[in-house]
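Structure record follows, encoded as structure tokens.
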Amino acid sequence: MTSSIAVFDTASSLSEDTKRFLGKKHRLFIGGEWVNASSGATREVFDPATGSPISTMANGDAKDVDLAVTAAREAFESGPWRSMSTSERAKIIWNIGALIDEHAEELAQLEVLDEGSPYNVVKNFYVRLGAEHFRYYSGWATKITGTTVPVNMPGEWHAYTVREPIGVVGQIIPWNVPLLMAAWKLAPALAAGCTIVLKPAEDTPLTALRIAELCQKAGVPPGVLNVVTGDGIAGAALVEHPDVDKVAFTGSTDTGKAIVRASAGNLKRVTLELGGKSPVFVFPDADLTRAIPGVAEAVLLNTGQACTAGSRLYIHEDIYDKVVAGVSEYAEALKLGHGLDPQTNLGPLISDRQLARVSKLLQAGIDEGAKVYSGGGKPEGGGFFIRPTVLTGVKPGMTVYEQEIFGPVISAMKMDGDNLDALVREANNTTYGLAASVWTQDVSLAHKLASRIRAGVVWVNNHNQTDAALPFGGFKQSGWGREMGLNGIEAYTELKSVGVYLG
Ligand code: NAD
Numbered sequence: 001m002t003s004s005i006a007v008f009d010t011a012s013s014l015s016e017d018t019k020r021f022l023g024k025k026h027r028l029f030i031g032g033e034w035v036n037a038s039s040g041a042t043r044e045v046f047d048p049a050t051g052s053p054i055s056t057m058a059n060g061d062a063k064d065v066d067l068a069v070t071a072a073r074e075a076f077e078s079g080p081w082r083s084m085s086t087s088e089r090a091k092i093i094w095n096i097g098a099l100i101d102e103h104a105e106e107l108a109q110l111e112v113l114d115e116g117s118p119y120n121v122v123k124n125f126y127v128r129l130g131a132e133h134f135r136y137y138s139g140w141a142t143k144i145t146g147t148t149v150p151v152n153m154p155g156e157w158h159a160y161t162v163r164e165p166i167g168v169v170g171q172i173i174p175w176n177v178p179l180l181m182a183a184w185k186l187a188p189a190l191a192a193g194c195t196i197v198l199k200p201a202e203d204t205p206l207t208a209l210r211i212a213e214l215c216q217k218a219g220v221p222p223g224v225l226n227v228v229t230g231d232g233i234a235g236a237a238l239v240e241h242p243d244v245d246k247v248a249f250t251g252s253t254d255t256g257k258a259i260v261r262a263s264a265g266n267l268k269r270v271t272l273e274l275g276g277k278s279p280v281f282v283f284p285d286a287d288l289t290r291a292i293p294g295v296a297e298a299v300l301l302n303t304g305q306a307c308t309a310g311s312r313l314y315i316h317e318d319i320y321d322k323v324v325a326g327v328s329e330y331a332e333a334l335k336l337g338h339g340l341d342p343q344t345n346l347g348p349l350i351s352d353r354q355l356a357r358v359s360k361l362l363q364a365g366i367d368e369g370a371k372v373y374s375g376g377g378k379p380e381g382g383g384f385f386i387r388p389t390v391l392t393g394v395k396p397g398m399t400v401y402e403q404e405i406f407g408p409v410i411s412a413m414k415m416d417g418d419n420l421d422a423l424v425r426e427a428n429n430t431t432y433g434l435a436a437s438v439w440t441q442d443v444s445l446a447h448k449l450a451s452r453i454r455a456g457v458v459w460v461n462n463h464n465q466t467d468a469a470l471p472f473g474g475f476k477q478s479g480w481g482r483e484m485g486l487n488g489i490e491a492y493t494e495l496k497s498v499g500v501y502l503g
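Take 1 as the starting number for the sequence shown in UniProt numbering and just add one per residue.
And the structure:
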């Protein structure tokens, strides 16, 4: 158990490239130029592992959003992106992926400093997948097609469909896994031929700004990608802007609902990737040597700050004690610390605000009758750390059962695995529907549960693994639409039907 956070000398582990980027005056990226916020406002960027400022960003507002949307509109209507040959566009998008790989160490260090996760996870998982997204979608740029359609209208006809880029898209991303969130958004929109205004989260702007530099280097023309850093005020301005054709948002369900309301002005298209409260089921025939660390990591990845976090852990009564003890032992053995420290297994929460929120939800669970089996509380030392916590005695209706905690809190519950109907009813009794996982060797049971759980993603004997080719998104209040795969690119297109009367 980590009782205090060791002080780690970050400066000595940073590459020269990382130091150079951190030392820069970060600006907005509009029309291919790096510019100050119109108001001149700036905002400090913090290292969540120390709570200390590491950089400064421009704090854009509605005026900057308007300039960025104007640049994106101009680039869409008259710029070369849409008219460029699709193979040329594909080459540029592929090059972005290659540049991410080339600068993986710097990007990983920036992400660790900005967001807090351990370096190895960031470099080998998030940065690698980010590059992969660009490579995957570069392939789609040359394959966006329509169909010919036999029609029965009077006379002779040639009818077909085409997919066209939707236009100017506003993309708003959260502070968890920010580099990968940027890649999820940018790669399909670029491949579809859209132009973009990206608004990163105010807590984690750094890697999105660095990726914008890499996009410029890869050959993305001016105005095609614009980045406005700032808070929810800039986000809201983007959503309300009458010249934005589509908003793609990842963040909390509450903000998602506000976006739906605010986007009504010009009926812009909206896709939403929102929160979750994902169930995990462990059965006695599961390979527990994999399942115990697997279900612990289902929640603890990113210190619980993952939309897919498997925060409702249902364990079959026959193995309940063994799994709870194993998960708790796993969590207690994790070393909390700075993500750049090679010894670290678990990073901090993103901010003091998030630490206060998680602590409050945890306390509400305890007040309502949940028991702390292990962990809990803040270790001594700086940064926004909280110990991973295993709760038992959690029941439907409790705050920790119902609400997305977005912190390292595992609610372990005993299940009657022989009454599948009741289990499925209880697991589905949530406003969310993002993800789930089933841990068993019984193929039939796994498929039965996979088909009955109301969630956009179901893993069997795994959790939290995503792939650029596999659609991702939520049922119910976990979102609208899907990202990744073919669905991900179609969400950045409009479908047009052309009917040619031949006489
Ligand atoms: P948030 O909703 O507070 O903020 C997300 C982004 O929206 C930020 O960039 C913020 O500045 C902006 N924003 C805030 N108010 C806005 C407004 N009124 N209009 C427009 N933009 C506004 O979410 P967060 O706390 O940064 O992120 C955590 C949430 O994101 C969690 O609920 C998590 O589950 C969710 N998430 C979902 C997925 C997914 O794919 N489903 C992935 C990652 C995170």
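Beta carbons are placed, not taken as given, at the ideal position from N, Cα and C, and that holds for glycine.
Quiz item: First and last residue of the beta strand (DSSP E) that includes V227?
Solution: L225 to V227
Please give me, in chain order, every unbroken run of the beta strand (DSSP E) with length at least 3 that falls completely inside the region 226-287.
246-250, 269-273 and 279-282
Going by DSSP, what residue range makes up the alpha helix (DSSP H) through Q363?
D352 to D367
Original post:
Which residue comes first and which comes last in the beta strand (DSSP E) that contains H158?
Top reply: W157 to P165
Q.
Please tell me whether, using a cut-off of 7 Å, the distance from the CB of W175 to the nearest non-hydrogen atom of ligand 1 is below it.
A. yes
Suppose only complete runs of 4+ residues qualify. What are the alpha helix (DSSP H) ranges in the region 454-499, listed by chain order?
485-490
R312, DSSP secondary structure in three states
strand
Closest to C416 by CA distance: which of G474, L225 and E317 is it? The sequence shown places Asp at residue 416, not Cys. Looking at the Cα atoms, E317 is the closest of the given residues.
Q | Spatial distance of V358 from E368 (CA atoms) | A | 15 Å
- Task: Identify whether K371 lies in helix, strand or coil by the three-state DSSP scheme.
- Result: strand
* Asked: In chain order, what residues of the same chain have a beta carbon less than 6 Å from the beta carbon of T148, not counting five sequence neighbours either side?
  -> Y160
For Q171, which residues does DSSP report across the bridge? L198 and A248
Looking at G31: is its Cβ nearer than 8 Å to the Cβ of P174? no
Can you tell me whether E88 is buried or exposed, with buried defined as 16 or more other CB within 10 angstroms of its CB?
exposed
* Any alpha helix (DSSP H) of 4 or more consecutive residues that is wholly inside the region 20-80 -> 62-78
Original post:
CB I144 to CB I410, shorter than 8 Å?
Top reply: no
Does the beta-carbon of H133 have 16 or more other beta-carbons within 10 angstroms, so that it is buried, or is it exposed?
buried
Beta strand (DSSP E) segment containing S411, residue limits: V409 to M415
CB of residue 504 to nearest heavy atom of ligand 1: below 7 Å? Nothing can be reported for residue 504, as the shown portion of the chain is limited to 1 through 503.
Quick one: what does DSSP say Y330 is sitting in, helix, strand or coil?
helix
*Residues of its chain near V324, where Cβ-Cβ distance is below 8 Å and the 5 sequence neighbours each way are ignored*: I315, Y373, V390, T392 and A412
#### Entry: L434, DSSP secondary structure in three states
coil
Worksheet entry | Contained alpha helix (DSSP H) runs [length at least 4] in the region 85-112, N- to C-terminal order | 86-102
Practice prompt. Report yes if the CB atom of K185 is closer than 8 Å to the CB atom of A248, and no otherwise.
Written response: yes
Residue 505 lies in the beta strand (DSSP E); which residues open and close that run? What the structure shows of the chain is the stretch from 1 to 503, and residue 505 is not part of that stretch, so it cannot be assessed.
Tell me whether G167, by its Cβ, gets closer than 7 Å to a heavy atom of ligand 1.
no
**Item:** Helix, strand or coil at L445 [DSSP, three-state]
**Value:** helix
Exercise for the section: Mark G265 as exposed unless 16 or more other C-beta atoms lie within 10 angstroms of its C-beta, in which case mark it buried. Expected result: exposed
message: Let me check one thing: in DSSP terms, what residues is E115 bridge-paired to?
response: E115 is not bridged to any residue.
Which residue or residues does DSSP assign as beta-bridge partners of L346? L336
Hey, out of E426, F475 and K335, whose CA is closest to P396's CA? E426
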